[in-house]
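K.L.:
First the structure, which I've put down as structure tokens, then a few questions once you've had a look.
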């Protein structure tokens, strides 16, 4: 059961990711990304991360990707043009990406024997456990995110506000 | 026991100041001058600096369940970062476009971002939990991304922000992947726990992979070659006062992080990362200097120079014991002093609108504004690494450290590089010294405002002091290094 | 029917997604799409975190993911603002045309 | 033996004081005072020398050496002082230098009266006396070298006295540089002496030589040849004589003093001074003699066709110096010095008289535009006649005795000596010819001057002429034997003791030869100054008039090659290609690398990402593959990683 | 304290010049008074120097930094004594030489000029190698900047190129020097001169690397001298730099460093380098002289002449004979004096005619008799006329080389004596003698300050030519100890010096 679910959603995720790359229109890419994220949410569930799965749907697929699509619509950006500004990206970038994948894969396959297997019966991390750590041990980072978000707001205002006319 | 809050006192102060700046900005009438905000921010950062110094008197210790640690190391870098931010703010007060000009907007946001950015940078130096590291890094980065794009009216400003942002996020993803790997290998993200668990990690390959990925992220932040590609474009596009900040403060923080990673997390990998640093240092110096050789745009030239300086800094890591930490600490201080200084003067002489951008535009500056020109000369001399300036002593100390670690060839490469580097620094310096009839009257230092004078004065004094009487700073750097020795038995 | 999946499969998936993100950065021409590729990379990393969290039974890994999401949200706000401002300044999002600063 | 009453240091220092006074203040002093200063100090110097001579005559034992002289150069074991020494040779030289020198100073007061740089002229002249007396008084080679170079300097300054005349400047430069070639030889000789003897003092070297030293003959010969090179430079011998004719660009009294009477004899003096060395090296002596004879002959041939009155005298000087060298070469040092002395009298006289002629003709030097001056300038004519007779070697004029002594000495030196004697005799013939040619062209016949009224010179110029004429007549009466005996403590007794019969024969022969020369000159130029013989001997004459093209040869063989090498080999290949080029090359390579590296900076975000990805890949390979494969010496890491 | 005073007075003067307004001649007067005071201070040194005693005198030693250990260690011995005085003397000379030619931006000029003086004195008195290196590098900056600011030619880029070339030529080789210093520190833990000397002499350092260290030292100094082949910066600097700067740019620093930090610090290795250096020196003498012979530009002529006469110093140093060393050091001082005088006077000519082409001059002696007279005296000193200082130096070098090293090399070097007369007299003749050229009417004679300055220099030349013992006797003990070290090396069996030179040190005449 686990294997089936994993395979299905892993393939979904990969397909979404590949589609993201292949789609010419940003809106299609955004939709593909949502597919990836949703699939990942399922995988999180399989891994017992209940809360994260929900957060993944709400925060990522919900909030962030909505923002993306909104901006795509706002700017009314059409299909990507086929431009050839960078030869380096092809000649250097693709081999590099291939090497990266090879290294990751080789390392993981070789190191994998030190890691166990995952099954549905492994149990679920409860939100309670999570919040215990989050609000006690990791109180500081949690508070820090407020600063982070403040900065994001400030930045968005500073960069995106139209200045023409008003002071 | 010291209450936890004292361990993050400077950050708290900075946050409050940032909020205060925002509130003041909001409460001011849209027509009134925003200079006040700058002074508020400057005073606030000064308070944070004082707080950091006070922190230095506390016994070393951790807080917030072992997520932050203050000791001599963090104090050193806190003071340094607060100092840089202070100078950058002072500089910005007067060099941002004058009030009510069409370019002048979001001054409140500008200063608030600087102050908030400082929170992230400061925290980066005291964080001992990779999660905090990550968030602090993001705070500092995002504020810098935004500041880089501050001149959004021009074509270059947003482009700089875009490049910086996308490439920065790209690199951060690598760093994050590295953190994930180290977490996977040891099951924790706390620096000291990782270091202790490392020999017994589940998979040593993951440790290596984690190390490599994290290095990608950090080396990007310190703009070491070959991860430097973003630097010239971003420096060119960002407003000059911002470059003064972002070429120094985030870099200082990033170097603190690098030290934390190398000496706090991966001391075990010393035989591995030492040659890595060797190579990266050599490549950075060479690439930076050679590329700067023919560069005409002054800001780009100095961007390449900062790549080279990253190389000189990395040279120190080839030393043995904790000496490199002290050397890096000292170098960052000297580098900050001279780089802030030179960019401060560039923003005065070159102007916010960059009336002067290429080397030839600086002809005759020494005559039309002798004081600015003279001080620029001082900073350039320091960048070259002429003795009795901070730049020399920093380089000297860094290279001494490397030499004692046995990296003689690297030192040779480094010094030959500084010989090459002299060519382009001197080109600018001599260009200013050439008598030129065509030179327009440059903006004088004194006519701009007290903030700039103060900023440049601090930078100049620091540059000289670090060259002539480096003792105190050196001692502080040593103390910082010792705090690492206390952790790991170096 | 309780089949198991080796942890390394998850990790491989994560690595693959990460690499696809890298490739996306390289091949996409629109800034927004490039930004999405970065989000993809972050997601890939998150998967690794969750897998490792499961392996170590450590909650911290999951919390890390939580923070990454928050950071991603913040980044998205800023990044999209940057994209808007660049669109205003240059009228395009095609990355190959945004190379005012070079050499 | 240190008699403080001689005041030896004052002899050079007094003229030096005159130099300083005139040199520093002369431009602001009145002319009379300048003349007074210029005359008083040499006179005082001469008085001191005369006093010393009188004391020697009264029985003062020579040599007098200053032992407690102040140190000059002291370095390690080397100690060189300002030591002065007075012996018979020096005394003779000093008498000639200060005596003739003073007379010429006196003459110059009249001659130079209308020149602008009056004070400068006398300052230089005094400076010359300072260096010349230093040269002869020096007790060691280095101090002698001081005088040696110093007189060269004074000569340079005086030749170039007319500063706006380019030829004068060229001549001065040529004189100095050619002299420097000689000085180079001298310097090498000094080093050789220093290296072999550890000292430069004449007395100590002589002592070393007297003792059975382990020196090879080759070394001695080398030293002597180096010294000889120096001597040929200063004394205008082959191959370095070329500067002397040009030196006539200077004022005529200068030619008389420096380029006839005193400075040019320094080489002879030096060889006589170093005779102890030369005596040990027959080869060197032979070279000296041959050079002397060759120079004497060669210069005489050139002198026969010169038309410039001073150039005739210049070549005559070279020729006469050749005689002196010949004398040295055959070991007759005292004869050489004897001739040196008499030559100083009559050659100074010749020059001064010529100067008087030139003065009278307002600067005319070409003999073809002279003639018939006998009546206008009687004193000059008669004094000149005395000098001509003296140089031609007529009995009983001074030149007869000294030249006779030299020829006799050469005659007694075996087969080679006979050959040299023959050359000397032929030279004597030519000497007589060209001197009478000069005499006829200048004083006899009809005036060829172009409506210029010649006038006799003032008395202040004529007085020295008359004194010198008296000396030219009587200078030789002291006789070679007595002169030789006087110098014997210094130069040793001449080896030859030929019988009186042969001596007499030789003397008569010499006089006959001189008479023959007069006869030829008379037959050609005596009759109204016709130049009938010129056409018939056109081609050898052209060779002679062009002075055998020696100057051109030197320019082509030495000057041009050096300039060519400097300009093209060193200037282009050395400087441009090697020194500049290498710097350019390195800068260029660095610059090109820079340009290439900047290509990375294409401005394209995707390219940047590609670089980043590639860099990340390389870094990961470095970390993983490096560790696993053990590349780069990560031994420790390996053992830990591959558990 | 006197040494610190000598270092600080010019520095304080520079600060004062910067602080006071640039009105009238205030900066020039301050610089003049300051440099005169410094000169008086430097005269204190020979006045109180104990001649016979070995080792350093007037020592000051304060710990500057404990980690890395760097001390503020100053001191002079016979080697550096007169060089300090020379620098002290040349400063007022330089100020007076600039009196007329530098009219604008005097503040910048004089402050940098005084800074330069501090740096140069610092080089001579530092006994801590790091301190020494500091001053060494510091001395480059004012020269470069002043050359660019006050370059003589109207063509801007040529001044900048000259400044750049000078700087890079000297700065890049000092990179290996610093590496070598760091290497020494890494192996001995000290930058102190005497400590390092002892450490190197003990033979405990790895010899293979030590060889490279000494080569690095040699290279850095040889460029600064400059030795033949490394002189690419010389002609440009001489053509472009302001007079006061050009007169101090060459010679002294490099030659002093060669003796002190190459020969004395690495006797065994200097011994191995000697044949090369001697060869370069002799070829340099002839090379420079021959090139000087054909120059059309008098600055270039002076540059090549300087190359030639500095090569005499190198020859003397690497002959390792006492006489040669004495001569070399004396010649170093001579070169400073003569060069200063010649530069000053050529500067006056240049300012008058705005040309450095020899052909543009002629008959200047009429318009400028004092200039002509003093120029001739300085030239004579340069070409080594006896009783002037140049002769003593050259004679000692040549005699030392001839008797102690190699007759062939010495003879070849002596040929330079002929050539030097040729080029200097050619210069004199073309400029001062003959008919007046078009540019000549614009030439002025020396002003009274300049006359006094050059006359004083000429007086010193004469004094040094007549009474060189005053100088030599103070120099000799220090140089004696240097040659002694070389001798000691020779007697030890490890020496691998080649045959021609091995006989050198024994060849000193008794």
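Chains as they are written, first to last, in the working numbering: chain A, 1 to 167; chain B, 1 to 490; chain C, 1 to 103; chain D, 1 to 643; chain E, 1 to 510. The beta-carbon is built from N, C-alpha and C at its ideal position, and this holds for glycine as well. Since the structure is predicted, the reported quantities are computational estimates derived from the model, not experimental observations.
List, from N- to C-terminal side, the beta strand (DSSP E) runs of 3 residues or more that fit wholly inside the stretch 77-128 of chain E.
P.N.:
Within the stretch 77-128 of chain E, no complete beta strand (DSSP E) run reaches 3 residues.
K.L.:
Less than 6 angstroms between C-beta atoms, sequence neighbours within five positions excluded: which residues of the same chain meet that for residue 372(D)?
P.N.:
445, 446 and 447
K.L.:
Would you decide whether residue 208(E) is buried or exposed? Buried here means 16 or more other CB atoms lie within 10 Å of its CB.
P.N.:
Flag for residue 208(E) reads exposed.
K.L.:
For residue 24(E), which of 58(E), 16(E), 43(E) and 106(E) has the nearest alpha-carbon?
P.N.:
106(E)
K.L.:
Nearest to residue 10(C) by CA position, among 155(A), 116(A) and 154(A), is which residue?
P.N.:
116(A)
K.L.:
Please tell me whether residue 95(C) and residue 576(D) are closer than 8 angstroms, where the distance is taken between their beta carbons.
P.N.:
no
K.L.:
What do you get for residue 375(D), buried or exposed, if any count of 16 or more other CB atoms within 10 angstroms of its CB means buried?
P.N.:
exposed
K.L.:
Count the other CB atoms, across all protein chains shown, that sit within 10 Å of the CB of residue 226(D); report buried if there are 16 or more and exposed otherwise.
P.N.:
buried
K.L.:
Quick one: is residue 290(B) near chain D, going by C-beta distance under 8 angstroms?
P.N.:
Interface criterion met: the Cβ of residue 290(B) is under 8 angstroms from a Cβ in chain D.
K.L.:
Could you tell me whether any Cβ in chain E is nearer than 8 angstroms to the Cβ of residue 145(D)?
P.N.:
Output row for residue 145(D): interface = yes.
K.L.:
Within a Cβ cutoff of 6 angstroms, which residues of the same chain sit near residue 246(D), ignoring the five residues on either side of it in sequence?
P.N.:
171 and 174
K.L.:
In chain order, what residues of the same chain have a beta carbon less than 6 angstroms from the beta carbon of residue 384(D), not counting five sequence neighbours either side?
P.N.:
Result list for residue 384(D): 353, in chain order.
K.L.:
Alpha carbon to alpha carbon, how far is residue 8(E) from residue 132(E)?
P.N.:
16 angstroms
K.L.:
Return no unless some Cβ of chain B is closer than 8 angstroms to the Cβ of residue 90(C).
P.N.:
yes
K.L.:
Taking the alpha-carbon of residue 419(E) as reference, which of 195(E), 11(E), 362(E) and 308(E) has the nearest alpha-carbon?
P.N.:
308(E)
K.L.:
Could you list which residues in chain E have their beta carbon closer than 7 angstroms to that of residue 400(B), in chain order?
P.N.:
68, 182 and 185
K.L.:
Between the stretch 199-216 of chain B and the stretch 587-607 of chain D, can you find at least three pairs of beta-carbon atoms closer than 8 angstroms?
P.N.:
no
K.L.:
Beta carbon of residue 472(E), beta carbon of residue 326(E): below 8 angstroms?
P.N.:
In contact: residue 472(E) and residue 326(E) (Cβ atoms closer than 8 angstroms).
K.L.:
If we count the other Cβ atoms within 10 Å of its Cβ and call it buried at 16 or more, is residue 535(D) buried or exposed?
P.N.:
At residue 535(D) the pLDDT is 48, less than 50, meaning the model places this residue with poor confidence; the figure from the coordinates comes in the next sentence. The residue is exposed, with fewer than 16 neighbouring Cβ atoms inside 10 Å.
K.L.:
In terms of alpha-carbon separation, which member of 335(D), 559(D), 160(D) and 166(D) lies closest to residue 402(D)?
P.N.:
335(D)
K.L.:
For the alpha helix (DSSP H) containing residue 563(D), list its first residue and its last residue.
P.N.:
560-564
K.L.:
In whole angstroms, what separates the C-alpha of residue 75(A) from that of residue 32(C)?
P.N.:
10 angstroms
K.L.:
Where do the N-terminal and C-terminal ends of the beta strand (DSSP E) with residue 21(D) fall, by residue?
P.N.:
Careful: residue 21(D) lies outside any beta strand (DSSP E), inside the alpha helix (DSSP H) at 10-25.
K.L.:
Using a C-beta cutoff of 8 angstroms, does residue 287(E) count as contacting chain D?
P.N.:
At least one chain D Cβ lies under 8 angstroms of residue 287(E).
K.L.:
Going by DSSP in three states, residue 6(A) sits in which element: helix, strand or coil?
P.N.:
helix
K.L.:
Taking residue 115(A) as the query, report the chain B residues whose CB atoms sit under 9 angstroms from its CB, ordered along the chain.
P.N.:
184, 202 and 203
K.L.:
Please decide whether residue 233(B) counts as near chain C, where near means a Cβ-Cβ distance under 8 angstroms.
P.N.:
yes
K.L.:
Give the list of continuous beta strand (DSSP E) stretches no shorter than 3 residues that lie fully inside the stretch 178-257 of chain D.
P.N.:
none
K.L.:
Please state the DSSP three-state secondary structure of residue 29(D).
P.N.:
Note: residue 29(D) maps to coil in three-state DSSP.
K.L.:
Hey, does residue 162(B) have any beta-carbon neighbour from chain C nearer than 8 angstroms?
P.N.:
yes
K.L.:
Within the stretch 584-628 of chain D, note down every full alpha helix (DSSP H) run reaching 4 residues or more, in order along the chain.
P.N.:
If we require 4 residues or more, the alpha helix (DSSP H) runs fully inside the stretch 584-628 of chain D come out as 605-620.
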